[in-house]
Amino acid sequence: MTRQPMLRLAAIAAFSLMLGACSNAELAREEAPPAPTTSPEQAEQRLAAVAAERAAIEARYADREVVCYDKFFVNRCLDEAREVRRAALVTQRAIEIEAAHYLRRLKVEERDKAIAEADAAYAEEEAKLAADPPPVKEPASTALPPPRAKAGESRVVRSQQRAQEAAANAEKDAAERAANVAAYEERRRKSEERQKEVARRVAEREAKAAQRAAEEAKRTNGNGPAPTPSPAN
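Taking our numbering, the leading residue of the sequence shown gets 1, the next gets one more, and so forth.
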């Protein structure tokens, strides 16, 4: 009589161990560091793929929550589902950070290259003017022409402009980081609300099961249901 329940418990335990092994393998696979980005096109593709994969991760997590309600170890199943979701999101975040960093570094390199080319062109023009100055024309009036800006002063102006551009870029990056933090906090809040809802449903299910068990025990330990009176002839 007790052999069948024991076999059933052994099968449940074996399935739980197998599920845990699969989850650990999945976590190890998802937490591998991303390969470095090698082109702007690849970076854009990775960022788009991260957005799509995040939606897929949330969908898989929702499906696992539903499946966990029918498991024998409900809380353990939910914990494993949450851990798989967390590891997958960490992996996608690492890919996103690497691709975004590549694009920012590329923009900085392009900007520095453009500044260097502009400085070289300006120095070449200054050297040409110094070697072959243009003829000076007699002024039509006695008014003095405006003073010509010196080469050093022009470089100072350009340096100030570059500093202003760098400050503007820093403010833009700070705004983007703040937006990313706000979006993450919103996702975390929704996840906590969903977890609370799952816990509430599990508690209601356990309470109903306990109530049914109590009613069944009461019927079993009592005198049984009262006999139904026969109709009068």
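We treat Cβ as the ideally placed atom computed from N, Cα and C, and that holds for glycine.
What you are looking at is a predicted structure, and each value in this text was computed from that prediction instead of being measured.
Residue j and residue i - do their beta-carbons sit closer together than 7 Å?
i, j, result
"Ala94", "Pro34", "yes"
"Glu83", "Val198", "no"
"Arg54", "Ala99", "no"
"Tyr102", "Thr37", "yes"
Considering Cα atoms alone, identify which of the options is closest to residue i.
i, options, result
"Cys194", "Pro40, Glu41, Glu58, Gln42", "Residue identity differs from the one stated: residue 194 is Arg in this sequence, not Cys. Selected option, being the one with the closest Cα: Glu58."
"Arg86", "Tyr61, Glu65, Tyr102", "Tyr61"
"Glu44", "Leu89, Val108, Ile97", "Ile97"
"Leu106", "Ala130, Arg212, Ser39, Ala118", "Ser39"
"Thr91", "Leu129, Ala116, Ala209, Ala51", "Ala51"
"Ala88", "Glu176, Glu171, Ala116, Ala56", "Ala56"
"Asp173", "Gln42, Arg212, Val108, Cys77", "Val108"
"Asp119", "Arg212, Ala213, Pro134, Ser159", "Ser159"
Here's a check: name, in chain order, each residue in its chain whose Cβ is nearer than 8 Å to the Cβ of residue i, leaving out the five neighbours to either side.
i, result
"Tyr254", "Residue 254 cannot be examined here, being either before or after the span of the chain that is shown, 1 to 233."
"Asn75", "Val202"
Please go through the same chain and pick out, in chain order, the residues whose beta-carbon is closer than 6 Å to the beta-carbon of residue i, but skip the five residues on each side of it.
i, result
"Glu124", "none"
"Ala127", "none"
"Ala131", "none"
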